[in-house]
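The structure under discussion appears below in the form of structure tokens.
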Ligand SMILES: [Zn+2]
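Numbering (my numbering), first residue to last: 48 to 482.
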């Protein structure tokens, strides 16, 4: 009897490993589909502890129901994520399909970041650079005073008038601010232009669309809430005056070819065509955010390369907003410098979160290094309180994406091909740096 049962067991194992195995299982020898399902449930469960963690989810209701049913404590989520990492192993096996190899790395990297987030939510605190490395897979550079001094000196020579630089900068910004009643008109015009320029280069899913809303009381300036089925809700915060630059910035960043396009292409290429469920959840505090924010910011340069942006603003948006078009050229020069000053937020966040300065000093530093108004500086510190080292994704992410795309060609066509590839594949920061 014993022997016969052993044979039966052996027979069932042999059958399971041969022709009886379903098609999907044979195509997925490492069991990535099962790990991906579990990853989604864990990400959704972590969202119960951290309301900002799940930025978007449009996958199966059954996985959400499973997360709601289990509702694991943080320690259990961490253990489950660590056990999935053991199943994934230290390195990906040799896959014939490079996208599957990326998928394996993606799951490993995202789960590693999830473990770090559970530790933070349980009360652990890491130094700023370590937190950035654990959550986003990159170590931000430290930029000293000379970096900011040289940019501020260039800005000083561009801005007319007398008195402190911050005051002159803010007066100049006030002269290019969109009257509140015209914000919607200007934004819709900017989004239409970004969309048209993107559609010349990227075929988007049929029926793709967005809704636009204006909100107050948030720590962010704008947000894309991706709903699935190529649909986004874009919200713009109107608490503070909005300078004309923000129209193209936010239209490209939140919409085309930024977050809306990135999400829609991932949904089509990976979730629908490949059935890879893990891309239907977007974990905010994860390495994917460096690609998302970096590509959204670099997307502005993709849609409006070189002088195209200043020309569009001068010829279209300035007249719509009733702003003197003679200011457009200088505004473009000022903008290019202030964009490089974005790294000031990293430096202030590092010192503030590491406990070297308090929130009042952080606000003062934002006014000194980024020339923020007191209100804008206060808002930035609120953002840092809420999102912490996430700030690195905007500037370092943009620069890493720019280097990766620009290494792939000099012509607009070559760069759009690279950019489209980045937005349609499971690439993470390590893929940008190493490949
Ligand atoms: Zn963004």
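Note that beta-carbon positions come from the ideal geometry of N, C-alpha and C, so glycine has one too.
Each residue's CA atom was taken as its position, placing residue 426 and residue 469 some 32 Å apart. Using a C-beta cut-off of 8 Å, the segment 427-442 makes contact with the segment 161-179, since at least three inter-stretch Cβ pairs fall below that distance. Apart from sequence neighbours up to five positions away, the residues of its chain that approach residue 367 with a beta-carbon distance below 8 Å are 229, 232, 233 and 236, ordered along the chain.
In this structure, residue 225 keeps its C-beta atom at 8 Å or more from the C-beta atom of residue 298. Taken in chain order, the whole alpha helix (DSSP H) runs of length 4 or more contained in the segment 90-159 are 108-117 and 121-135. Boundaries for residue 354: no beta strand (DSSP E) harbours it, and the DSSP string shows neither H nor E there. Approximately 6 Å separates the beta-carbon atoms of residue 287 and residue 423; this is inside 8 Å, confirming the contact. DSSP lists 282 as the bridge partner or partners of residue 260. In its chain, beyond the 5 residues on either side, 269, 271 and 281 have a beta carbon closer than 6 Å to the beta carbon of residue 301.
Within the segment 187-212, the complete alpha helix (DSSP H) segments of 4 residues or longer fall at 192-205, listed in chain order.
Sequence-distant partners of residue 450 (beyond 5 residues in either direction) whose C-beta falls short of 8 Å from its own C-beta, in its chain, are 479.
At least one heavy atom of ligand 1 lies closer than 7 Å to the C-beta of residue 340. Listed as beta-bridge partners of residue 328 by DSSP are 104. With a cutoff of 8 Å on beta-carbon distance, residue 375 and residue 360 are scored as near each other.
Residue 425 carries a helical assignment under DSSP once its states are collapsed to helix, strand and coil.
Residue 275 is bridged by DSSP to 278.
Between ligand 1 and the CB of residue 237, the shortest heavy atom gap is not smaller than 7 Å. With respect to residue 329, residue 102 sits close: the two C-beta atoms are nearer than 8 Å.
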